[in-house]
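Colleague: 1 is the number of the first residue of the sequence shown in full-length UniProt numbering; add one for each residue after it.
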Amino acid sequence: MATSSPPPPRVCVTGGNGFIGSWLVKLLLSRGYAVHATVRDPRDPKNAFLAELDGAPANLRLFKADMLDYETVAAAFAGCEGVFHVATPVPDQKMVDPQKEMMEPAVKGTMNVLKACSATKVHKLIVVSSIATNCFNPDWPRDKIKDESCWSDKEFCRQTENWYSLAKTEAEEMALEYGEKNGLHVVTFCPGLVFGPLLKHVAVNTSSKVLVYMIKGGPDTMNNKFFPIVDVRDIADALLLLYNKAGQSERYICSLDQMDLKDLLAILKSMYPSYTYVDKMVDVDFSVGVTSEKLKNLGWKPRKLEETLADSIESYEKAGLLGVSDDEPCRLPFIYRMPPIQE
Ligand SMILES: NC(=O)c1ccc[n+]([C@@H]2O[C@H](COP(=O)([O-])OP(=O)(O)OC[C@H]3O[C@@H](n4cnc5c(N)ncnc54)[C@H](OP(=O)(O)O)[C@@H]3O)[C@@H](O)[C@H]2O)c1
């Protein structure tokens with residue numbers, strides 16, 4: 001008698017159309033998972049690329065969901081054993097209403113995700129946070145590398161109007177606390193600045209805009225920040241690794257190379273001398289030294305920075321992002337501008 005094979009494990013990725021979300025969906029499909037991907041508008045042409053991913057016809061279902069609308073979130077999680085919560089806005093312009101634009105989708109959105117996990121009997125939740133929850137802590141000794149025990153100081157974030165870090169910190173703390181209290185297996189994940197090839201060539205995300213701006217240049221002066229950098233494909237690998245191996249209530253930093261952005265610029269210029277490049281950079285007192293040892297000890301093996309840069313540039317070329325255009329000049333996402341908040 002023929003035996004039928006068990007159904008593939010079913011998981012949901014919130015924000016499955018985003019830069020990180022789409023690479024995660026692609027990886028999960030390639031490993032045989034059945035994937036529910038949430039998007040805010042399944043009919044938006046910017047999401048059409050998802051249906052073309054290998055394995056999508058058989059194993060990918062798109063769900064229309066807004067993280068602020070609990071019912072839509074719970075409907076997307078039904079039948080899933082695990083959830084990767086990726087969806088959060090990452091603004092590239094100064095916010096007019098930070099409460100509405102950032103705090104609510106990040107914090108209320110994550111609470112909806114947590115409650116929906118409990119209601120639909122999801123076993124595991126991986127929350128994509130950020131090193132923004134880890135690196136804004138004036139009490140941490142300057143010469144000590146930051147590990148998972150370091151948290152951004154929320155009051156400091158509020159005073160400095162660093163709404164993204166405040167929102168991500170509140171959401172991450174809340175997720176870990178909720179998991180502890182309610183017996184939900186929650187793991188949080190804090191990546192550095194993410195580069196790498198784009199799977200969709202419209203609606204370019206904020207971190208990719210930083211690299212595009214560095215290559216093309218434009219009217220803005222750039223902060224020469226010291227930053228941890230990581231490849232989007234290594235992020236997807238790390239997320240699946242955490243899903244399969246990380247323990248309950250654990251937190252992981254994820255970054256490969258850490259350098260001043262002017263050193264990154266020098267590497268880019270040595271690899272590709274003919275681009276125009278950003279020509280105005282100012283040193284700022286901002287240093288984010290973090291360690292990813294915990295993730296490496298779990299088996300994470302990131303690729304080399306040069307591969308990330310080469311593949312990013314090839315993808316930007318294909319998308320026509322590096323050509324000369326008569327449109328608006330290329331602009332730098334506001335937190336990388338000097339002065340940092342100027343409009
Ligand atoms: N890229 C980085 O350097 C970096 C570094 C550290 C952490 N992260 C974190 O990684 C995650 C993804 O970032 P990304 O770079 O991939 O950005 P992205 O491409 O802009 O993706 C953001 C995703 O969130 C969705 N989203 C935003 N608000 C939503 C809401 N209210 N309801 C439902 N979906 C919503 C967006 O959907 P729409 O398409 O409908 O707008 C999109 O799918 C975020 O949590 C971010 O904080 C990113």
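Ideal Cβ positions, reconstructed from N, Cα and C, are used throughout, including at glycine.
Per the contact definition of three or more C-beta pairs closer than 8 Å, is the region 12-25 in contact with the region 78-92?
Modeller: Taking 8 Å as the limit for Cβ pairs, the verdict is that the region 12-25 does touch the region 78-92.
Colleague: Classify GLN258: buried if its beta carbon has 16 or more other beta carbons within 10 angstroms, exposed otherwise.
Modeller: Buried, because 16 or more other Cβ atoms sit within 10 Å of the Cβ of GLN258.
Colleague: Ligand 1 and residue 347: does any heavy atom of the ligand fall closer than 7 Å to the residue's C-beta?
Modeller: Examination of residue 347 is not possible in this model, given that the chain is present from 1 through 343 alone.
Colleague: CB LYS280 to CB MET222, shorter than 8 Å?
Modeller: Closer than 8 Å, so yes.
Colleague: Just to check my reading of the structure: VAL290 and PRO228 have Cβ atoms closer than 8 Å, yes? What is that Cβ distance to the nearest angstrom?
Modeller: Contact flag correct, Cβ pair sits at about 5 Å.
Colleague: I need the DSSP call for LYS209, collapsed to helix, strand or coil.
Modeller: Three-state DSSP puts LYS209 in a helix.
Colleague: In or out: ALA37 buried (at least 16 other Cβ within 10 Å) or exposed?
Modeller: ALA37 is buried by the Cβ-count criterion.
Colleague: Go through the region 233-283 residue by residue and report every complete run of the beta strand (DSSP E) that reaches 3 residues or more, in order.
Modeller: With a minimum length of 3 residues, the continuous beta strand (DSSP E) runs that stay inside the region 233-283 are 250-254 and 257-260.
Colleague: In the structure shown, what three-state DSSP assignment does GLN342 receive?
Modeller: Interpretation of GLN342 is limited by its pLDDT of 37, a score under 50 that renders its predicted location unreliable; the figure taken from the coordinates is listed afterwards. Coil, per DSSP.
Colleague: Starting from the C-beta of LEU29, find all residues in its chain whose C-beta is less than 8 Å away, skip the five residues before and the five after it, and write them out in chain order.
Modeller: Cβ within range, chain order: VAL35, LEU53, ASP54, GLY55, ALA56, ASN59 and LEU60.
Colleague: What is the C-beta distance between TYR277 and GLY196, in whole angstroms, given that I count them as a contact (C-beta under 8 Å)?
Modeller: Wrong, their Cβ atoms sit about 20 Å apart, outside the cutoff.
Colleague: Please report the straight-line C-alpha distance between PRO96 and LYS64, rounded to a whole angstrom.
Modeller: First, the amino acid is wrong: residue 96 is Val here, not Pro. Their Cα atoms are separated by approximately 26 Å.
Colleague: Leaving out the 5 sequence neighbours to the left and right, which residues in its chain are closer than 8 Å to SER274 when beta-carbon positions are compared?
Modeller: Excluding positions up to five away in sequence, the list is empty.
Colleague: Output the boundary residues of the beta strand (DSSP E) element that contains ASP311.
Modeller: ASP311 -> not in any beta strand (DSSP E); alpha helix (DSSP H) instead, spanning 305-318.
Colleague: Write down every uninterrupted run of the beta strand (DSSP E) in the region 113-169 whose length is 3 residues or greater and which is fully enclosed by it, in chain order.
Modeller: Listed in chain order, the complete beta strand (DSSP E) runs (minimum 3 residues) inside the region 113-169 are 124-128.
Colleague: Could I get the ranges of all uninterrupted alpha helix (DSSP H) runs contained in the region 65-114, with 4 residues as the minimum, in chain order?
Modeller: Fully enclosed alpha helix (DSSP H) runs of 4 or longer: 70-77.
Colleague: Would you list the one or two residues that DSSP bridges to VAL186?
Modeller: Paired residues: LEU125.
Colleague: Is VAL324 helix, strand or coil when you go by DSSP?
Modeller: Here VAL324 sits in coil by DSSP.
Colleague: What would DSSP say about LYS26, mapped onto helix, strand or coil?
Modeller: Reduced to three states, the DSSP call for LYS26 is helix.
Colleague: Touch check for the region 104-118 and the region 142-152: three-plus C-beta pairs under 8 Å?
Modeller: Result no; under three Cβ-Cβ pairs closer than 8 Å.
Colleague: Do ALA167 and MET111 have their beta-carbon atoms positioned less than 8 Å apart in this structure?
Modeller: It is not a contact, given that the beta carbons lie outside the stated cut-off.
Colleague: If I measure Cβ to Cβ from ILE131 and keep anything under 7 Å in the same chain, skipping five residues before and after, which residues do I get?
Modeller: Cβ within range, chain order: CYS190, PRO191, GLY192, PRO228, ILE253, SER255, VAL288 and VAL290.
Colleague: Can you tell which of VAL232, ALA116 and ARG251 has its C-alpha closest to the C-alpha of GLU172?
Modeller: Per the Cα distances, ARG251.
Colleague: Is the region 295-302 touching the region 227-247 in the sense that three or more CB pairs, one from each, lie closer than 8 Å?
Modeller: Yes: at least three Cβ pairs fall under 8 Å.
Colleague: Please name the residue or residues paired with MET222 in a DSSP beta bridge.
Modeller: MET281 and ARG337, per the DSSP bridge assignment.
Colleague: Contact defined as beta carbons within less than 8 Å: I believe LYS318 pairs with LEU199. What is the distance between those atoms, to the nearest angstrom?
Modeller: Going by Cβ atoms, the distance from LYS318 to LEU199 rounds to 11 Å, so no, they are not a contact pair.
Colleague: Between which two residues does the alpha helix (DSSP H) holding LEU295 run?
Modeller: Residues 293-297.
Colleague: In whole angstroms, give me the CA-to-CA distance for PRO8 and TYR33.
Modeller: Going by the C-alpha atoms only, they are around 5 Å apart.
Colleague: Going straight from the alpha carbon of LEU184 to that of LEU211, what length do you get?
Modeller: Distance between the alpha carbons of LEU184 and LEU211: 37 Å.
Colleague: Name, in chain order, the residues that DSSP records as bridge partners for HIS36.
Modeller: Answer is CYS12 and ARG61.
Colleague: Whole angstroms are fine: how far does the CA of VAL324 sit from the CA of VAL187?
Modeller: Roughly 43 Å separates the two Cα atoms.
Colleague: Does DSSP put ASN17 in a helix, in a strand, or in coil?
Modeller: ASN17 falls in the coil class under three-state DSSP.
Colleague: Relative to the C-alpha of ASN162, which residue among LYS94, VAL122 and ILE215 is closest?
Modeller: Comparing Cα positions, the closest option is LYS94.
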